[in-house]
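UniProt numbering puts the first residue of the sequence shown at 1, with every later residue one more than the last.
Working notes, beginning with the structure itself.
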Amino acid sequence: MENMTLEEVQKQVDDYISQFEEGYFDPPTLILRFCEELGELSRVVSHRYGPKKKKPGEEEGDMELEMGDLFFVLICLANRQGYDLNEIFQKTMEKYNHRDKERWTRKKEKPPSYEGGNEPINELDLNQ
1 MENMTLEEVQ KQVDDYISQF EEGYFDPPTL ILRFCEELGE LSRVVSHRYG
51 PKKKKPGEEE GDMELEMGDL FFVLICLANR QGYDLNEIFQ KTMEKYNHRD
101 KERWTRKKEK PPSYEGGNEP INELDLNQ
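Take a look at the structure:
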């Protein structure tokens, strides 16, 4: 499968939904569907990593598939509301980059060597 932009993903979902008379569900229904899909993902995670193991004979859940279902419903909600997921993502990253700038311990990175000689670069520019 080819890599797609968020805009292309939103269009593909819109093309799919647009073929049906019912169209997009209303926001409360989409939120309920999102919660349902989140529950299914939670079950897979709980079985795989948590103390609650699956019942004998119960099929192994597919974490990727459940994440895909969540993503699909989120895209439906964004499309229904006329939101651009790329803009939403950019705003969210700006928020996290500002709010959590000093919140977590940054990994220590070795500065790259200067190609022209043996002297190391003293400062690492994280804004590159």
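Don't be surprised by glycine CBs; every beta carbon is placed ideally from N, CA and C.
This structure is a prediction, so every number in the text was calculated from the model and none was measured.
Secondary structure at Lys54, three-state DSSP: helix, strand or coil?
-> Within the sequence shown, residue 54 is the residue found at index 54, counting from 1. In the three-state reduction of the DSSP assignment, Lys54 falls in the coil class, being assigned neither a helical nor a strand state.
Roughly how many angstroms separate the alpha carbons of Lys11 and Asp84, rounded to a whole number?
-> The residue you call residue 11 lines up with position 11 of the sequence shown. The residue you call residue 84 lines up with position 84 of the sequence shown. Using only the alpha carbons, I get a separation of about 11 Å.
May I have the straight-line CA-CA distance separating Leu32 from Glu2, to the nearest angstrom?
-> Numbered from 1 along the sequence shown, position 32 holds the residue referred to as residue 32. Numbered from 1 along the sequence shown, position 2 holds the residue referred to as residue 2. Rounded to the nearest angstrom, the gap between the Cα atoms of Leu32 and Glu2 is 30 Å.
Proximity of Asp14 and Asn79 at Cβ, strictly below 8 Å | The residue given as residue 14 occupies position 14 in the sequence shown. The residue given as residue 79 occupies position 79 in the sequence shown. Cβ atoms of Asp14 and Asn79: closer than 8 Å.
Give the range of the alpha helix (DSSP H) segment to which Asp14 is assigned.
-> By one-based count along the sequence shown, residue 14 stands at place 14. Note, Asp14: alpha helix (DSSP H), Leu6 to Ser18.
When burial is assigned at 16 or more other CB atoms within 10 Å of the CB, is Ile88 buried or exposed?
-> Taking the sequence shown and counting its residues from 1, the one referred to as residue 88 is at position 88. Answer is exposed; the Cβ neighbour count stays below 16.
Just the Cα atoms here: how many angstroms apart are Lys55 and Leu70?
-> Here the question's residue 55 lines up with position 55 in the sequence shown. Here the question's residue 70 lines up with position 70 in the sequence shown. Straight through space, the alpha carbons of Leu70 and Lys55 are spaced by roughly 24 Å.
Using the Cα positions of Leu126 and Leu77, report the straight-line distance between them to the nearest angstrom.
-> Within the sequence shown, residue 126 is the residue found at index 126, counting from 1. Within the sequence shown, residue 77 is the residue found at index 77, counting from 1. Only weak support is given to the placement of Leu126: the predicted model assigns it a pLDDT of 49, under 50, and the value that follows is read from those uncertain coordinates. Leu126 and Leu77 have their alpha carbons spaced roughly 35 Å apart.
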